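For the sequence shown, the positions run 20 to 272 when the numbering used here is used.
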Amino acid sequence: MEPRETSIQLIRNATLKIEYAGKIILFDPMLSEAKSFMSFVDPSQNLNPTVDLPFSIGEVLEGVDFVLLSHVHPDHWDPEAMDEIGKNMMIACQPVDLQGVKEVGFSNALAIEDERMLEGISITRVEGKHGPEGLLEELGRVSGYVLKAEGLPTIYLVSDCLLDQDVQNAVETHKPDIIVVNAGGALFMGENRILMDEYETISLAKLAPKAKLMVVHLESLDHCHTTRKSMKEKADAAGVEVIIPKDGEKFIF
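In C-alpha cells:
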C-alpha cells in the first residue's frame, strides 16, 4: 500500500476494509458464514447472512491495524469476528459499547467520545438514529464517523441510520469528499424502516453534490429490501451518481 493511498473495499454488508493515511481500518466486521445466525424476519430460523464472504477470513484480516465499530448489532460485530480477531487488536467504538467489547476479551479497546486522534487519523463521532423515535431505545445507540488526515480526502461513514438533522449537519460541517451510506432499507419486524433507502440516499447525494457516494449494506441480510439494481435504477432516474460495489470490490480514491 502506498502510504498516502486512500481506498475502500466492501467485504460484505457494511464491513469495509479502508486504507487511509498509511493504515488499514476494518469497519464493522461481520465474518460469519451464510445462514449461521438468526433471521431478522423470522427469528426462529438461521437465515443470515444471506451470502458468504467473498474470500477467506484470513484475507479479510490481513494487514489490519485497528477495528472501528459503529455499533454492536450482529450484522456489524458478530461472534465470528470476536473469535477470529486477535484479542490484542485495537478496537475503537462508541462509548456505550466500550464495556461490552472489553468483556469479550479486547483489552485494547477504546471509546471515541467526540473527536480523537488514532494512528495519525482524526476520527469524529456523529450520532445517528437507527430508526424512528419509538424504536430508538430498543435498537440502541449507533454512531457514524468522519475520518480526516492531512492531504487526504475526508471520509464520512454514515452507518445504520436514517437521514436526519445530525447526518445533514455532519455533511455541512465536515464537507466529506467520500460518503459511505448504509442504504439497505431494512425493515424492523417487517414494519418500520431503520436504514436509509434509495430515496434518502438520493436526497443525501443532493446535499453533497461534490462528494463521491458509496452505497453498501445491500443484499446480505433478509430484512434489507434495497438491491443494487433498485439503487442504480433510482439513482440514474434522479440524475445522481453513486458507487455500488460488489462484495470484495475495491475502489481507490
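Just so it is clear, CB atoms sit at the ideal spot from N, CA and C, and this is done for glycine as well.
Keep in mind the model is a prediction, meaning the values are calculated, not measured.
Integer Cβ distance of M250 from A202, believed to fall under 8 Å: 6 Å
Opening and closing residue of the alpha helix (DSSP H) in which V190 lies: 184–193
Boundaries (first-last residue) of the alpha helix (DSSP H) holding G119: Per DSSP, G119 belongs to the alpha helix (DSSP H) from 117–122.
Classification of I213 by the beta-carbon crowding that lies within 10 angstroms, buried from 16 upward: buried
T192, buried or exposed, once every other Cβ within 10 Å from all chains shown has been counted against 16: exposed
For L176 and K194, the rounded distance between their alpha carbons: 13 Å
Proximity to P172 [Cα-Cα], best of I44, I198, L206: I198
Burial state of F46 (16 or more Cβ within 10 Å): By the neighbour-count rule (16 or more Cβ atoms within 10 Å), F46 is buried.
Where the alpha helix (DSSP H) through E252 begins and ends: 247–257
Beta-carbon gap between A205 and L240 smaller than 8 Å: yes
Rounded straight-line distance, which links the Cα of D179 to that of L148: Rather than Leu, the amino acid found at residue 148 in this sequence is Lys. Answer to the nearest angstrom: the Cα atoms are 8 Å apart.
Start-to-end residues for the alpha helix (DSSP H) that takes in V79: 76–80
Contacting residues, own chain, Cβ-Cβ under 6 Å from Q28 (five flanking each side not counted): K36, K269
Sequence-distant residues of the same chain with beta carbon closer than 8 Å to G139, five excluded per side: A40, G41, K42, A168
Cβ contact (3+ pairs, closer than 8 Å) linking the segment 251–269 and the segment 213–232: yes
Contact check, H90 vs V145, beta carbons under 8 Å: no
Nearest to L226 (by Cα), restricted to the options D266, H242, D183, I263: D183
Assigned exposure category for G163 - 16 Cβ within 10 Å defines buried: buried
Cβ separation of L50 and E99, assumed to be a contact under 8 Å, to the nearest whole Å: 4 Å
Backbone CA spacing between K229 and S63 [nearest angstrom]: 45 Å
S141, enclosing beta strand (DSSP E) - first and last residue: From DSSP, the beta strand (DSSP E) with S141 extends over 140–147.
Check whether F59 and H242 have beta carbons under 8 Å apart: yes
Residue of D97, V261, L117 minimising C-alpha distance to N127: L117
Element boundaries [alpha helix (DSSP H), containing K280]: There is simply no residue 280 to check, as the chain begins at 20 and stops at 272 in what is shown.
Contact under 8 Å by Cβ, A111 with L87: yes
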